[in-house]
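First up is the structure itself, then whatever we jot down about it.
Residue numbers (this note's numbering): 17 to 222.
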């Protein structure tokens with residue numbers, strides 16, 4: 017088995033609600049483009065990187081290929097597309113090289129939950145070029161038609177800088193909700209914690 021055929025990238029962080037709904041974690045960017053907030057150590061030692069659309073689309077296709085293999089295994093065992101722990105255990109037994117794959121269990125839990133929700137990683141997906149994000153969103157929804165909701169982290173400052181027409185394109189392509197850290201509306205405190213946003217940004221973009 018060529019392990020490269022099963023590789024896709026997954027980040028660490030997501031909102032608690034996305035874990036409760038067993039969301040698919042799809043990494044659009046690596047780490048945080050701002051990374052100056054004094055209260056946050058999540059990405060302090062990491063460099064921010066934009067991922068290329070073709071890399072992300074490749075990840076989507078790999079996850080889809082794995083899902084098809086799991087469905088085939090489910091049908092062979094008479095489960096009729098029902099993903100049980102037995103199906104997953106058999107899949108890993110057949111491909112032991114994937115035992116320590118960081119995203120396999122996440123993908124399986126998502127499929128077992130119905131493949132309904134997706135969270136776009138990392139800290140600020142909207143920093144991507146709009147046409148790139150739209151391209152990824154459209155491919156994601158086309159590849160997995162069971163998806164009902166797509167969410168992401170972002171910053172109010174990033175949203176304010178996006179033209180409304182761009183935000184409409186992104187929403188129409190499938191992004192349903194954003195998690196935005198406001199922390200405070202006090203201008204002095206925002207400056208003290210190096211939030212990189214103003215109260216006006218929060219009102220307009222949050």
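Built from N, CA and C at the ideal position, the CB exists for glycine as well.
- For residue 167, the enclosing beta strand (DSSP E) starts and ends at 165-170.
- Annotation: the segment 40-117 contains the following complete segments of the alpha helix (DSSP H) (minimum length 4 residues), in chain order: 69-92 and 101-110.
- In the DSSP assignment, residue 194 falls within the beta strand (DSSP E) that extends over 193-196.
- When beta bridges are read from the DSSP output, residue 136 appears opposite 42 and 168.
- Note that the segment 172-192 does not touch the segment 80-100; fewer than 3 beta-carbon pairs, one per stretch, sit closer than 8 Å.
- Inclusion of residue 204 and residue 215 in the CB contact set at 8 Å is not warranted, their separation being larger than that value.
- Counting of Cβ neighbours within 10 angstroms places residue 98 among the exposed residues, the total staying below 16.
- Here residue 144 has 44, 45 and 66 as same chain residues with Cβ atoms under 7 Å from its own Cβ, once five neighbours each way along the sequence are excluded.
- When only Cα atoms are considered, residue 41 and residue 122 end up about 8 Å apart.
- Between residue 176 and residue 220 a beta carbon distance of about 5 Å is seen, short of the 8 Å cut, so the two are scored as contacting.
- In this structure, residue 114 sits near residue 22, with a CB-CB distance shorter than 8 Å.
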